[in-house]
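Structure, as structure tokens:
Residue numbers (the working numbering): 90 to 187.
Here is the structure:
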């Protein structure tokens, strides 16, 4: 087997694992970029590391509303921005229910 074919196989292998680990990593605390990096460099071992990382904890609707309210109360965002953020949050919740 030629050296160029071996290098091509190694690169394709790395890219496949990078994409896979990136998709899994974005749902975990490790993140998509770190997942892709580990997948590309380490392959199967990177995949195992990403799978062993903790999942992201979902933020409750109440917690998110309290954060938005605190930003509004502190003057960091305007009333219009506050209402837009609340509206988007409610739209997401309705979309998740369907």
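Idealized CB from N, CA, C, for every residue including glycine.
Sub-8 Å separation of residue i and residue j beta-carbons
{"i": "residue 140", "j": "residue 106", "result": "no"}
{"i": "residue 120", "j": "residue 114", "result": "yes"}
N- and C-terminal bounds of the alpha helix (DSSP H) containing residue i
{"i": "residue 145", "result": "Unbroken run through residue 145: none, as it is neither H nor E."}
{"i": "residue 163", "result": "150 to 163"}
Top-ranked residue by Cα proximity to residue i, from the options
{"i": "residue 151", "options": "134, 138 and 179", "result": "179"}
{"i": "residue 147", "options": "97, 101 and 116", "result": "116"}
{"i": "residue 145", "options": "118, 155 and 153", "result": "118"}
{"i": "residue 98", "options": "182, 132, 168 and 166", "result": "132"}
{"i": "residue 108", "options": "96, 122 and 95", "result": "122"}
Outcome for residue i when other beta-carbon atoms lying within 10 angstroms are tallied against a minimum of 16
{"i": "residue 184", "result": "exposed"}
{"i": "residue 124", "result": "buried"}
{"i": "residue 163", "result": "exposed"}
{"i": "residue 111", "result": "buried"}
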